[in-house]
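Novice:
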Ligand SMILES: Nc1ncnc2c1ncn2[C@@H]1O[C@H](COP(=O)(O)OP(=O)(O)OP(=O)(O)O)[C@@H](O)[C@H]1O
Ligand SMILES: [Mg+2]
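Residue numbers (the working numbering), protein chains in the order written: chain A, -14 to 272; chain B, 5 to 274.
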């Protein structure tokens, strides 16, 4: 059984004259331990979709099945699903409120009713995970820098150890180094706990590098769904959807179109390096 | 929470919608005065007719007006009950220390009709004028207060900024509530104390972000050289149109009629 199954989800904001269909018949499947990237132009419904996945928004029709159970079945399940499907909002740094970072990170675990000892362990784990120095834990969250606040907010969700972790544009506004470390940590988390991860992203490079599946949203619909190789092989379609290929893929395509005998289904820099080296080695052998 | 509407503006293109805010506001002030000057049934009837005429002119469904009286119906009933027993003169009905006189009945009718009229006429104003236009109009009308060193422009600016940010505020409230719910915050359940406590995770970020926003806005306004009302020109220049003149003339006739009736005819309330 898949860990997450979304069936024919329809969601509308507002009523009557102000009705706005933000999700239109969206369906997909996700297996345990997979990393899914959701990409799509601004306003295509990505944030709306992830908010239905942990039951914050109730869809007009359709189902969200977590381990086979419809999360909207009853209120108890709807409350508990929040701990199993952890959602980090877009710009989560604005939700901090406690006196210290430590207390803020423990807000979620506290709501789960864990013991003090367990809470402490989890907070330490989560802080270490996002790279928050220990001395910051006793500071007020309002004294941190923007990036540190973002990390604290993400730690607040990680500390709940959700089975599915959803992050809505987690790297927006972070420096490239921090962004990369965050993603590397997510991959590590997946290895460690088999956590299923969903990331909303505007970066094709990121999506290509870390995901097992990619979903492309367009005007409230799921336009494409598949492995990165499948999705990025349809470059015409992507351009139509106001997206583009990862930079490195574009470079490989250009090389090929200039007559270089090279693979152009390459998505990451590492792959590209080995492919280019291979081509060069072959060229030298010919001489 | 996109369904929150500020004020009660109903979009439309009627004559009343197009009227100058200043005229609408001043006429309304006079109207309030004359609702209380009217002290016999003829004068009252005149004002009722004028009100009905005005509501019809707005081309907004009468149900909208009736709906707006819903909130004050209790007050109307209560005050008219009290007034019922407060008239002087020969009692028509007596039970214990309570007595109802003819003047009491008249009193009760007058007070309830007056309140309802006020609600209707404020509907005519607020249904046809956007909150932004209203504050603008208020600023212009209160301009003479400047001689008392009242900062009319600043007050109006504060009001319009507050109005502008109410939807943003609710959006923010919604967002933060959702974020805390995602961390398992239980907002609906529990007893009174628990519920107040549950609001802290929402209120603190909300306050912080409001202050931050206020700060940003102040900086942005300063960067664009805002320095109060001194020497500021306006984008919307108001001019009186024919409909305004007609409205004024019409009102002057009605008001004079009310004065004449009130002076010449006997007063049933005493
Ligand atoms: N609270 C809301 N009330 C009404 N409409 C909304 C609300 N939130 C979003 N929408 C509308 O729903 C649509 C989808 O919005 P959503 O936030 O899901 O987009 P998104 O894909 O996350 O965009 P972005 O990349 O900018 O974050 C948009 O048209 C937006 O205007
Ligand atoms: Mg979004």
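Yeah, the Cβ is synthetic: ideal placement off N, Cα and C, and Gly gets one too.
Between which residues of its own chain and residue 233 (chain A) is the CB-CB distance below 6 angstroms, once the five residues before and five after are set aside?
Specialist: Excluding residues within five positions, the ones whose Cβ falls inside 6 angstroms are 254, 257.
Novice: Mind checking if residue 220 (chain B) is an interface residue toward chain A, Cβ cutoff 9 angstroms exclusive?
Specialist: No, no contact with chain A.
Novice: Along the chain, where does the beta strand (DSSP E) containing residue 209 (chain A) start, and where does it finish?
Specialist: Note, residue 209 (chain A): beta strand (DSSP E), 206 to 211.
Novice: When burial is assigned at 16 or more other CB atoms within 10 Å of the CB, is residue 3 (chain A) buried or exposed?
Specialist: Counting Cβ neighbours within 10 Å, residue 3 (chain A) comes out exposed, since fewer than 16 surround it.
Novice: Would you mind sorting residue 223 (chain B) into buried or exposed? The rule is 16 or more other CB atoms within 10 Å of its CB.
Specialist: Residue 223 (chain B) should be labelled exposed.
Novice: If we cut at 9 angstroms on Cβ distances, does residue 189 (chain B) have a partner in chain A?
Specialist: Judged by the 9 angstroms Cβ criterion, residue 189 (chain B) is in contact with chain A.
Novice: Does the beta-carbon of residue -13 (chain A), which I'm using as the reference point, lie nearer than 8 angstroms to any heavy atom of ligand 4?
Specialist: Among the ligands present in this structure, namely ligand 1 and ligand 2, ligand 4 is not found.
Novice: Answer with buried or exposed for residue 130 (chain A), where buried requires no fewer than 16 other C-beta atoms within 10 angstroms of its C-beta.
Specialist: Classification of residue 130 (chain A): exposed, given that the 10 Å Cβ count is below 16.
Novice: Would residue 184 (chain B) pass as an interface residue toward chain A - the criterion being a Cβ-Cβ separation below 9 angstroms?
Specialist: For residue 184 (chain B), the answer is yes, since a Cβ of chain A falls inside 9 angstroms of its Cβ.
Novice: Please confirm if residue 65 (chain B) has its CB atom under 9 angstroms from at least one CB of chain A.
Specialist: No - not a single Cβ of chain A is within 9 angstroms of the one on residue 65 (chain B).
Novice: Taking DSSP as the reference, what is the three-state secondary structure of residue 83 (chain A)?
Specialist: Three-state DSSP puts residue 83 (chain A) in coil, outside helix and strand.
Novice: Taking only three categories from DSSP, how would you classify residue 130 (chain B)?
Specialist: Three-state result, residue 130 (chain B): helix.
Novice: Can you list, in chain order, every residue whose CB sits closer than 5 angstroms to a heavy atom of ligand 1?
Specialist: Cβ atoms closer than 5 angstroms to ligand 1 belong to A:-2, A:7, A:27, A:28, A:29, A:30, A:31, A:32, A:33, B:6.
Novice: Tell me which residue opens and which closes the alpha helix (DSSP H) that residue 211 (chain B) is part of.
Specialist: 196 to 227 is the span of the alpha helix (DSSP H), which, as asked, contains residue 211 (chain B).
Novice: Do you know how far the Cα of residue 130 (chain B) is from the Cα of residue 8 (chain B)?
Specialist: At residue 8 (chain B) the pLDDT is 43, less than 50, meaning the model places this residue with poor confidence; the figure from the coordinates comes in the next sentence. Whole-angstrom Cα-Cα distance: 16 angstroms.
Novice: Quick check: does the Cβ of residue 178 (chain B) come within less than 8 angstroms of any heavy atom belonging to ligand 2?
Specialist: No, the beta carbon of residue 178 (chain B) sits no closer than 8 angstroms to any heavy atom of ligand 2.
Novice: From the beta carbon of residue 81 (chain A), is the nearest beta carbon of chain B less than 9 angstroms away?
Specialist: Yes, because at least one Cβ of chain B sits closer than 9 angstroms to the Cβ of residue 81 (chain A).
Novice: May I have the straight-line CA-CA distance separating residue 263 (chain B) from residue 47 (chain B), to the nearest angstrom?
Specialist: Computed Cα separation, rounded: 8 angstroms.
Novice: Looking at chain B, which residues of the segment 23 to 41 of chain A have a Cβ within less than 8 angstroms of any of its Cβ atoms?
Specialist: Residues passing the 8 angstroms Cβ filter: 36, 39, 41.
Novice: Taking all protein chains shown into account, decide if residue 259 (chain B) is buried (16 or more other Cβ within 10 angstroms of its Cβ) or exposed.
Specialist: So residue 259 (chain B) counts as buried.
Novice: Please report the straight-line C-alpha distance between residue 215 (chain A) and residue 207 (chain A), rounded to a whole angstrom.
Specialist: Using only the alpha carbons, I get a separation of about 15 angstroms.
Novice: Pull out every residue of the segment 158 to 172 of chain B whose Cβ sits closer than 8 angstroms to any Cβ of chain A, in chain order.
Specialist: The segment 158 to 172 of chain B vs chain A, Cβ under 8 angstroms: nothing.
Novice: Count the other CB atoms within 10 Å of the CB of residue 123 (chain A); is the residue buried (16 or more) or exposed (fewer)?
Specialist: With fewer than 16 other Cβ atoms within 10 Å, it is exposed.
Novice: Can you give the Cα-Cα distance for residue 152 (chain B) and residue 146 (chain B), rounded to whole angstroms?
Specialist: Their Cα atoms are separated by approximately 11 angstroms.
Novice: When burial is assigned at 16 or more other CB atoms within 10 Å of the CB, is residue 37 (chain A) buried or exposed?
Specialist: Buried, because 16 or more other Cβ atoms sit within 10 Å of the Cβ of residue 37 (chain A).
Novice: Listed from N- to C-terminal order along the chain, which residues in the segment 213 to 244 of chain B have their beta-carbon within a distance smaller than 7 angstroms of any beta-carbon of chain A?
Specialist: Going along the segment 213 to 244 of chain B in chain order, one finds 213 with a Cβ nearer than 7 angstroms to chain A.
Novice: On the three-state DSSP scale, how would you describe residue -2 (chain A)?
Specialist: Three-state result, residue -2 (chain A): strand.
Novice: So what's residue 25 (chain A) in DSSP terms, helix, strand or just coil?
Specialist: Residue 25 (chain A): strand per DSSP, three-state reduction.
Novice: Do we get a CB-CB distance below 9 angstroms when we pair residue 202 (chain A) with the residues of chain B?
Specialist: So, not an interface residue.
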